[in-house]
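J.: Quick one: the structure is below, and I'll ask about it shortly.
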Amino acid sequence: MGSFELFELLKEKLGEETARKLIDYIENIKSQVVTTDVLIKLLDLTKSEIISKTEKDKTEILAKIEELKINTDKKIEELRIETDRKIEELRISTDRKIEESRISIDRKIEELRIETDKKIEELRISTDRKIEELRMSFELKIKELDSKIEQYRLETQRDIEKTKSSLIKWMIGLMIAQTTLIISVIAFLSK
Numbered sequence: 024m025g026s027f028e029l030f031e032l033l034k035e036k037l038g039e040e041t042a043r044k045l046i047d048y049i050e051n052i053k054s055q056v057v058t059t060d061v062l063i064k065l066l067d068l069t070k071s072e073i074i075s076k077t078e079k080d081k082t083e084i085l086a087k088i089e090e091l092k093i094n095t096d097k098k099i100e101e102l103r104i105e106t107d108r109k110i111e112e113l114r115i116s117t118d119r120k121i122e123e124s125r126i127s128i129d130r131k132i133e134e135l136r137i138e139t140d141k142k143i144e145e146l147r148i149s150t151d152r153k154i155e156e157l158r159m160s161f162e163l164k165i166k167e168l169d170s171k172i173e174q175y176r177l178e179t180q181r182d183i184e185k186t187k188s189s190l191i192k193w194m195i196g197l198m199i200a201q202t203t204l205i206i207s208v209i210a211f212l213s214k
């Protein structure tokens, strides 16, 4: 493995600056006679730096996660409070609109009731007046009919009296004629 490949590998794990220093250090050691002990020390150093860097990164990441969690919880609480406030405002606004609508409807119903009562009263008065006019008209017609009936009754009674008188005169005339006829027949037969 070459220095560049090692640099790229270490750069991902340790960061660019630490990887560069480590590569420089390795290059310096390469130029000197490298012993196994030196390499073991170098690997231990690299391993401890990697562990240290990893622990540091882990701590930073956990701190950022905790910070994000706190910020998220805070934003969630703020949103919940804002949502609750908006819901309460909406409820109050809706209640107010419902009450205004109820008052408006009650007022319109009262106006309609008053108007209807007025029209009913006008209609009742008009109907009472028409009924009274009809009653008076019928009473006049009944009186006229009664007077005509009485007039016809009197005329009929006079006609009956005249007819009765004429009938009596006719009957008397007929009786006289019969008596004369009977006397004439008796006188004729006795001769």
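The numbers in our numbering rise by one with no breaks, and the one at position 4 of the sequence shown is 27. We put the beta carbon where it would ideally sit given N, CA and C, even for glycine. None of the values given here were measured: they were computed from a predicted structure.
1. Within 10 Å of its beta-carbon, does Leu-91 have 16 or more other beta-carbons around it, so buried, or fewer, so exposed?
2. Give the secondary structure of Lys-214 by DSSP, where H, G and I count as helix, E and B as strand, and everything else as coil.
3. Cα separation between Glu-83 and Lys-120?
4. According to DSSP, is Gly-38 helix, strand or coil?
5. Let's test the definition: count the other Cβ atoms within 10 Å of the Cβ of Leu-33 and tell me whether it reaches 16, buried, or not, exposed.
6. What do you get for Leu-45, buried or exposed, if any count of 16 or more other CB atoms within 10 angstroms of its CB means buried?
T.: Straight from the coordinates:
1. exposed
2. coil
3. 54 angstroms
4. coil
5. buried
6. buried
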